[in-house]
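S.K.: Residue numbers (our numbering), protein chains in the order written: chain A, 1 to 459; chain B, 1001 to 1459.
Below: one structure in structure tokens.
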């Protein structure tokens, strides 16, 4: 095993510098969804590229896409016997509004009680920057231990719109043994954890139309179907009394989870009260016979994400509306195919929409579920690195959300993603007062050094 | 019977003048709900008062209210043996937007194919103005045949907000034998009709709250209740499989309609295809065992008028929303009490909202149902006047809509309203291209003369 004392010492000695640089990048409002921040997106891409240049890579480029650019870098001098690792991250952030709910301005980072508060602190400038600092320390103190490629995109928060085409056009360029996806977190401040599976997504807009124009609810009420009632009936019917989704065939490909995996999920630290607190909910609810962690980890689900129709203003308007619409999405687990879901939803509508009502299902896309081998050597290396940093065994947990890029990498490059990052569940990502726990940021840099070292020495 | 040839001849000779005056009043955009039209409201009230002054009444006044003024006039010189009739109307109109759906500007009246097109033509400047022209002709050619009072309000289209207080404060002033409510129509161009009952209304906003903040639908989907699902379940449960409303006690006070009345409803001209066309619907639907006309006439109903919650923008946002809300109203029939309904809705919510979900029912008001005696002498006089004008028997029909002032007059003054007006079902009130059929406008003036004469000669 190579000597990693040099890079570790280097990063320990430069914590203040790293913190100052983190403040610098968090001050750039690289909000990908707002056109007025286009210059900030470019500024941030350049800032990241400049950071990568300190690693003395073979090449660092800002590659244009149909939308925001991708920062790409590579160094392939480690030799053919060393693995090639593709580091993934994104430099764009969510919008920060509502601004008045922030205790300090979202793009003027402020440190309070060991946390740095800023949009993007946790999701995910704090993560990708920690990885870059680790790689910089190694590159300049002993050398990088494997062949490395960086793909840092600027559109993750708007659905990675141009990433798929970029991968398709650059399959050879991106060839690697696995992806180190730094858009990730650990279990709690002192408990290391790795997400080993992510749910897929299929998202729709469903519209039902009754009368071809809004009617007076007095003159016609009680004589024709109200599309809001029809939509409510349809939504009501999408779950049975046991909380199972009723779309025909929905569970056909859902795998029977081995008893061993269910046992490992049952062993994860969990309690209802904490989940209620995190979900800001007074009661929990889900599919019968599955625990909360199973429900998000190994079971698919369906949620209506939004609904609208008829009169929504102040006061009373006696309208019997022509149209009712909802946004609806399913979360999918391993083996379910996200492109199968539109046909299931259409079959459900076909069978349940009453006579005289028109309907349309609009497919708004989605992405595959992903499940990683927790026994791979790349995963074991991550487990070992985390144990050295935290002096605790790592918890492997399934995650309810979707990171489409993980499924995409599996599908297109044929490789797993190791989800190694240091955000915390209560960092408030996407909301006001997003933050990153600074001790974890510094431990994170060290852990990335240990991880890179172990991967470089894996046989 | 007095000689009515003189007033009839007078109005026949002055049709052009009356049409020009109608154009004048329809040119005033007296939109009650829009603050910028406050001067137009005042202009219109003055215009109406000037018209009333031509009747040589004892008094004509513009009476202030908490909102838009009421035009009041009275003439009590007919003698104690003559009835006192309170003529009701309103001079305000609905907003005209969307303007681009009008074929001619809504406040620049245009005559095409025997119709006059303008906002308020049918609802209801065309009606109250016809009555005033009839009374003017009689006042100046033989004298008014009974004691008359006018109450013409400026807030009907915004729920007659200040009318109830005005009536409460002026019970003696408004004392009468019955109300002649001119905010009414006939069955079809050549078929006279009178509405003898109106449904009541109780209107609500219902909010259900799950998580105290919006959640990520991946991270939490499948583990907590989604308030849109809960609201859909609640709406779904508000009707049973037979189309009956399930609010507890909802039908307790609904009267058993006598076979005779059901037979008279069955005899009204009706066919499904026409109803589908009028309601712009491909299929009809309602409570089992009742016909369409019974459903709007003698059966109550419940409709959701609007719904909203969660993400309603373009594209896909994976939110599990905190709140879902709907507007909901019930239409009530005679003997149901609109102020009973809030307790029923609350009881339904109490029984059906699942654990952990907060809810609130906001009462947005309503009004009583009204049912008039079709055998009263005032009603018979209207039937006779219509027969003389149209040479056809009058159809008495129940109406699905609500005119709160009718129930209010019954409740506070203890009198029936005779609904005598000449609008047509396809006049497009409240919508673009509102119109009034001019031949009916002129026949209407004559019919009001005949009706006033008959009422004055009733024993």
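Here a beta-carbon is modelled for each residue, glycine too, at the ideal position from N, C-alpha and C.
For clarity, every value in this text was computed on a predicted model and none was experimentally measured.
Nearest to residue 104 of chain A by alpha carbon, out of A/94, A/93 and A/116?
M.R.: Considering only alpha carbons, the answer is A/116.
S.K.: On the premise that residue 65 of chain A lies in contact with residue 124 of chain A, defined as a C-beta separation below 8 Å, what is that separation, rounded to the nearest angstrom?
M.R.: 19 Å between Cβ atoms; not a contact.
S.K.: Can you round the beta-carbon distance between residue 1376 of chain B and residue 210 of chain A to whole angstroms, since I take them to be within the 8 Å contact cut?
M.R.: 39 Å between Cβ atoms; not a contact.
S.K.: What is the C-beta distance between residue 1448 of chain B and residue 1202 of chain B, in whole angstroms, given that I count them as a contact (C-beta under 8 Å)?
M.R.: About 34 Å; that fails the 8 Å criterion.
S.K.: Listing by chain order, which chain B residues have their CB less than 8 Å from the CB of residue 320 of chain A?
M.R.: Correct list: 1303 and 1305.
S.K.: Does the pairing of the segment 1294-1310 of chain B with the segment 1388-1405 of chain B give three or more beta-carbon distances under 8 Å?
M.R.: Yes, the segment 1294-1310 of chain B is in contact with the segment 1388-1405 of chain B.
S.K.: For residue 1215 of chain B, decide whether its Cβ has a neighbour in chain A, counting only Cβ atoms nearer than 7 Å.
M.R.: Residue 1215 of chain B counts as touching chain A.
S.K.: Please confirm whether residue 364 of chain A has its beta-carbon closer than 7 Å to some beta-carbon of chain B.
M.R.: Answer yes: the Cβ-Cβ gap between residue 364 of chain A and chain B drops below 7 Å somewhere.
S.K.: Let's test the definition: count the other Cβ atoms within 10 Å of the Cβ of residue 1212 of chain B and tell me whether it reaches 16, buried, or not, exposed.
M.R.: So residue 1212 of chain B counts as exposed.
S.K.: Give a yes or no on whether the minimum CB-CB distance between residue 1001 of chain B and chain A is below 7 Å.
M.R.: Any reading at residue 1001 of chain B needs caution, since the residue's pLDDT is 44, under 50, leaving its predicted position unreliable; the model's value is listed next. No, its Cβ sits nowhere closer than 7 Å to a Cβ of chain A.
S.K.: Under 7 Å between C-beta atoms, does residue 327 of chain A make it to chain B?
M.R.: Yes - at least one Cβ of chain B is within 7 Å of the one on residue 327 of chain A.
S.K.: Could you list the residues in the segment 282-293 of chain A with a C-beta less than 7 Å from some C-beta on chain B, going in chain order?
M.R.: Those residues of the segment 282-293 of chain A that come within reach of chain B (Cβ to Cβ, closer than 7 Å) are 282, 283, 284, 285, 286, 287 and 292.
S.K.: Can you find the residues in the same chain that come closer than 6 Å, C-beta to C-beta, to residue 1016 of chain B, ignoring five residues on each side of it along the sequence?
M.R.: None.
S.K.: For residue 1001 of chain B, I'd like the list of residues in its chain whose CB is within less than 6 Å of its CB, leaving aside the five on either flank, ordered along the chain.
M.R.: Because the pLDDT at residue 1001 of chain B is just 44, under 50, the model does not fix this residue reliably, and the value given afterwards should be weighed accordingly. Around residue 1001 of chain B: 1457.
S.K.: Mind checking which residues open and close the beta strand (DSSP E) that includes residue 1418 of chain B?
M.R.: Note, residue 1418 of chain B: beta strand (DSSP E), 1417-1419.
S.K.: Quickly, what does DSSP pair residue 1205 of chain B with across the bridge? List them, please.
M.R.: Answer is B/1327 and B/1362, bridged to residue 1205 of chain B.
S.K.: For residue 191 of chain A, which three-state DSSP category applies?
M.R.: Three-state result, residue 191 of chain A: strand.
S.K.: Measuring straight from C-alpha to C-alpha, what distance separates residue 1030 of chain B and residue 1429 of chain B?
M.R.: Straight-line Cα distance between these residues: approximately 15 Å.
S.K.: To which residues of the same chain is residue 1373 of chain B closer than 7 Å at the C-beta, ignoring the five residues directly before and after it?
M.R.: The answer, listed in chain order, is 1379 and 1416.
S.K.: Kindly list the residues whose CB is nearer than 8 Å to the CB of residue 1319 of chain B, restricted to its own chain and excluding five residues on each side of it in sequence; keep chain order.
M.R.: For residue 1319 of chain B, where only same-chain residues beyond five positions count, the Cβ hits under 8 Å are 1214, 1215, 1216, 1217, 1310 and 1311.
S.K.: Whose Cβ in chain A lies nearer than 9 Å to the Cβ of residue 1402 of chain B?
M.R.: Within chain A, the residues near residue 1402 of chain B are 218 and 318.
S.K.: Evaluate contact between the segment 1182-1201 of chain B and the segment 1424-1440 of chain B, counting only Cβ atoms and requiring at least three cross-stretch pairs below 8 Å.
M.R.: Output reads yes: the segment 1424-1440 of chain B touches the segment 1182-1201 of chain B.
S.K.: Can you list, in chain order, the residues of the segment 1346-1370 of chain B whose Cβ is nearer than 9 Å to any Cβ on chain A?
M.R.: Residues 1354, 1355, 1356, 1357, 1358, 1364, 1365 and 1366.
S.K.: Ordered along the chain, which non-local residues of its own chain (more than five positions away) have a Cβ less than 8 Å from that of residue 178 of chain A?
M.R.: Correct list, in chain order: 83, 85, 86, 376, 378, 415, 416, 417 and 418.
S.K.: Within this structure, are the beta carbons of residue 503 of chain A and residue 330 of chain A separated by less than 7 Å?
M.R.: With chain A represented from 1 up to 459, any question about residue 503 of chain A goes unanswered, as that position is not in the structure.
S.K.: With a CB to CB cut of under 6 Å and the five nearest residues on each side skipped, what residues in its chain are close to residue 126 of chain A?
M.R.: 436 and 441.
S.K.: Please list, in chain order, the residues of the segment 228-240 of chain A that have any C-beta partner in chain B closer than 9 Å.
M.R.: Per Cβ criterion, the list reads 228, 229, 231, 232, 233, 234, 235, 236, 237, 238 and 239.
S.K.: Would you say the segment 400-411 of chain A touches the segment 344-360 of chain A, given that touching needs at least three Cβ pairs under 8 Å?
M.R.: No, they do not touch.
S.K.: Candidates B/1219, B/1288 and B/1205: which alpha carbon is nearest residue 198 of chain A's?
M.R.: Ranking B/1219, B/1288 and B/1205 by Cα distance to residue 198 of chain A puts B/1219 first.
S.K.: My understanding is that residue 227 of chain A touches residue 322 of chain A, with C-beta atoms under 8 Å, so please give their C-beta distance in whole angstroms.
M.R.: Their Cβ separation, rounded to whole angstroms, is 7 Å, which keeps residue 227 of chain A and residue 322 of chain A in contact under 8 Å.
S.K.: DSSP beta-bridge partners for residue 1423 of chain B?
M.R.: Paired residues: B/1185.
S.K.: Less than 7 Å between C-beta atoms, sequence neighbours within five positions excluded: which residues of the same chain meet that for residue 1006 of chain B?
M.R.: Result list for residue 1006 of chain B: 1141 and 1142, in chain order.
S.K.: Taking only the alpha-carbon atoms, compute the straight-line gap between residue 1463 of chain B and residue 1075 of chain B and give it to the nearest angstrom.
M.R.: What is shown of chain B runs 1001 to 1459, which leaves residue 1463 of chain B out entirely.
S.K.: Thinking just about the alpha-carbon of each residue, which of B/1072, B/1071, B/1234 and B/1169 is nearest to the one in residue 1326 of chain B?
M.R.: Ranking B/1072, B/1071, B/1234 and B/1169 by Cα distance to residue 1326 of chain B puts B/1234 first.
S.K.: Hey, is residue 1221 of chain B's beta-carbon within less than 7 Å of any beta-carbon in chain A?
M.R.: With 7 Å as the cut-off, residue 1221 of chain B counts as an interface residue toward chain A.
S.K.: Comparing the C-beta of residue 1312 of chain B with each C-beta of chain A, is any distance below 7 Å?
M.R.: Yes, residue 1312 of chain B lies at the interface with chain A (some Cβ there is under 7 Å from its Cβ).
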